[in-house]
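Contents: one structure, followed by commentary.
2 protein chains.
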Amino acid sequence: MVEDFVTPEPGLQRGAGLALWRQIAATLEGEIRAGRHAPGARLPTEAALSARFGVNRHTLRRAMEELELRGLLRTEQGRGSFVAEDVLDYPLGPRTRFSEIIRAQNREPAGRILRVGEVAAEPRVAELLGLRPGRRVAFADRLSLADGRPFALGRHHFPPGRFPRILEHLREEPSITRALALSGVPDYRRRITRITARMPSPEEAAMLEQSRARPILLCEALNEDLEGRPVEAVVTRYAAGRAQLVVES
Amino acid sequence: MVEDFVTPEPGLQRGAGLALWRQIAATLEGEIRAGRHAPGARLPTEAALSARFGVNRHTLRRAMEELELRGLLRTEQGRGSFVAEDVLDYPLGPRTRFSEIIRAQNREPAGRILRVGEVAAEPRVAELLGLRPGRRVAFADRLSLADGRPFALGRHHFPPGRFPRILEHLREEPSITRALALSGVPDYRRRITRITARMPSPEEAAMLEQSRARPILLCEALNEDLEGRPVEAVVTRYAAGRAQLVVES
DNA sequence: GAGCATTTGTGCGTATGTATG
DNA sequence: ACATACATACGCACAAATGCT
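As you go down the protein sequences, you meet chains C and Z in turn.
For what it's worth, the numbering used here labels the leading residue of the first sequence as 1, then goes sequentially.
For what it's worth, the numbering used here labels the leading residue of the second sequence as 1001, then goes sequentially.
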């Protein structure tokens, strides 16, 4: 590796009443908040940063310790330091609607239908919809984004026969809620959500723009209309680094 | 690998009104249910099984497909077939008590306190307890088991000062509920649970008797007494293959 | 799996500045 | 003016974890 010759950081004042490590912490915090280090990105090594600021590595580490304590970054022995990702809360309740949840946290929701078709229902999906396993059901794959970043990948299964035109509606309209409305379901509620975790397939990792070495949260959920009839069983895969499911009671 | 010389499976009847693949599926199902293939264990290869039953691999695959559809096993291209693990449901609600939940599914709950002590509160824990990050709090690490198999690993943090003898109580009594009762909290309720997933540390994987390549579910939760004061912030790590968190609404 | 380079974690010694009594 | 205690800063060395070959 080529050694960079850097001029010592300007603006650092030695012996000016404010400890060096505090000035460094403030500088790094500003850079992170300004987006000069992207969420999840790796920071330069301690050696590089201490060279940049013209201080001993201990001094730099004191600043990093402060930022880690305050949750702005996370260090991993042997790997490096990483800017904390901005984790979005995803509350699970009777009224679980992607767009509303994302907007409530001042992010811009978006969605895209990737594929529609028909598949044999997996055992879990069949159980949720009250069908025998292997029964063929219509499905739609949808990618949800928050501020343009992939957030979740959902496969929505619809009870056979009940919504013959749902896939057409979804083709024009990437919102499940609105497609259901067009199919005569003005409102629905979340009945049950089952949560587990596993590693992503290569395709899932690619779609979620996530490392294959990081897990995904897997949710199986059932939505019902107001009469209690199932309208949709959805299997959603969340990027574990970007979503935190929240249950309040 | 040494080739085993096996006698062709007896008991399989050709042309007897019941398709060979159905007989094979029934045989394998019986073996799995009888515990001859442990949950999570890898089955013999399709080649080995088709040799054992004296059938073509296509016939065997038809039987496997049936079992996979019914959720008894799962096949992974290039890796093999695996007996589905028996996943325990873990409902999250106001009254979330480990022992009751496990017993409700006809398993035998158990627990062990691994360590007690004092640590600087992580940012998330501090926020739940309403403390500043880094404040030192008493904690207890507890391993929970179901039918003798590790199920979850929890670190329980207690608000400073309020329960001076809680760690002593826990040393004699591996139940958090009972230790809190001894400290004057007859009842409590779950206020909030935040769920995410990550890879386990070597220690976590060892404690949970789980492969390091499989993720864990990470729950941060707050329990309050009946007056709404926090009594415990707990960070629980569940073996993702053995636990499925359930939210009903 | 062994070996190696990279990176963070930890410990010890030393020196200086600053606040307190 | 002096002693003490604490925070800050630097230098060196090695341990431990990770990733790659």
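A virtual CB, placed ideally from N, CA and C, is assigned to each residue, including glycine.
| query | result |
| --- | --- |
| Neighbourhood of T96/C by C-beta distance below 7 Å, restricted to the same chain and skipping five residues each side | R190 |
| Span of the beta strand (DSSP E) around R74/C | 73–76 |
| Proximal chain C residues relative to E1168/Z, where beta-carbon distance stays under 7 Å | The premise fails here: E1168/Z is roughly 29 Å from chain C at the closest Cβ pair, so nothing lies under 7 Å. |
| With 16 other Cβ atoms within 10 Å as the buried cut-off, status of N1223/Z | buried |
| Residue of S183/C, T236/C, M207/C minimising C-alpha distance to L217/C | T236/C |
| V1006/Z classed as buried or exposed, judged by whether at least 16 other C-beta atoms fall within 10 angstroms | Note that V1006/Z scores 48 on pLDDT, short of 50, meaning its location in the model is unreliable and no value can be drawn from it. |
| Own chain, CB closer than 8 Å to R212/C, minus 5 neighbours either side, in chain order | M199, P200, P202, A205 |
| Cβ-based contacts, 9 Å cut-off: residues of the stretch 179–200 of chain C near chain Z | R189, R190, R191, I192, T193, R194, I195, T196, A197, R198, M199 |
| Proximity test, Cβ basis, 8 Å: G1080/Z and chain C | no |
| Where P44/C falls, given that 16 or more other Cβ within 10 Å makes a residue buried | exposed |
| Below-8 Å beta-carbon distance, G1228/Z vs any chain C residue | no |
| Under 7 Å from the C-beta of R1070/Z: neighbouring residues of chain C | P123, P133 |
| Proximity winner among A1240/Z, R1142/Z, V1116/Z, relative to P1109/Z (alpha-carbon distances) | R1142/Z |
| Minimum Cβ-Cβ distance from V247/C to chain Z less than 8 Å | yes |
| Residue nearest to P1159/Z in terms of C-alpha spacing, selected from P1186/Z, P1230/Z, R1178/Z | P1230/Z |
| Where G111/C falls, given that 16 or more other Cβ within 10 Å makes a residue buried | buried |
| Proximal residues of chain Z, C-beta to C-beta of L92/C below 8 Å | V1247, S1249 |
| 8 Å Cβ cutoff met for P1123/Z and R70/C | yes |
| DSSP three-state assignment for A177/C, whether helix, strand or coil | Reading the sequence as shown, one finds Thr at residue 177/C and not Ala. In the structure shown, T177/C sits in a helix (DSSP, three-state: H, G or I). |
| Nearest to P39/C (by Cα), restricted to the options E46/C, D147/C, L182/C, G54/C | D147/C |
| Opposing strand residues paired with R110/C [DSSP bridges] | The amino acid occupying residue 110/C in the given sequence is Ala; Arg does not appear at that position. In DSSP, A110/C forms a bridge with L145/C. |
| Closest residue to L170/C among G161/C, H156/C, R162/C (Cα-Cα distance) | H156/C |
| Beta carbon proximity, L273/C to chain Z, threshold 8 Å | Since the first residue shown for chain C is 1 and the last is 249, residue 273/C is missing from the structure and cannot be characterised. |
| Touch test, the stretch 79–86 of chain C against the stretch 126–136 of chain C, Cβ-Cβ under 8 Å, three pairs minimum | no |
| Option nearest C219/C by Cα separation, candidates G117/C, Q244/C, P150/C | Q244/C |
| For T1027/Z, the three-state DSSP class (helix, strand or coil) | helix |
| Proximity test, Cβ basis, 8 Å: Q105/C and chain Z | no |
| Coil, strand or helix - A1206/Z by DSSP | helix |
| Assigned secondary structure, P150/C (DSSP; H/G/I helix, E/B strand, else coil) | strand |
| Host alpha helix (DSSP H) of R103/C (start-end) | 98–104 |
| Where the stretch 232–245 of chain C meets chain Z: residues whose CB sits under 9 Å from a CB there | Y238, A240, G241, A243, Q244, L245 |
| Same chain, Cβ closer than 6 Å to S1081/Z, five either side skipped, listed in chain order | L1043, L1073, T1075 |
| Distance between beta carbons of T193/C and A221/C, contact taken as under 8 Å | 4 Å |
| Best match in Q1105/Z, A1104/Z, R1135/Z for proximity to E1118/Z [C-alpha to C-alpha] | R1135/Z |
| Backbone CA spacing between E1209/Z and L67/C [nearest angstrom] | 34 Å |
| Cα-Cα separation between L20/C and A51/C, rounded to whole angstroms | 14 Å |
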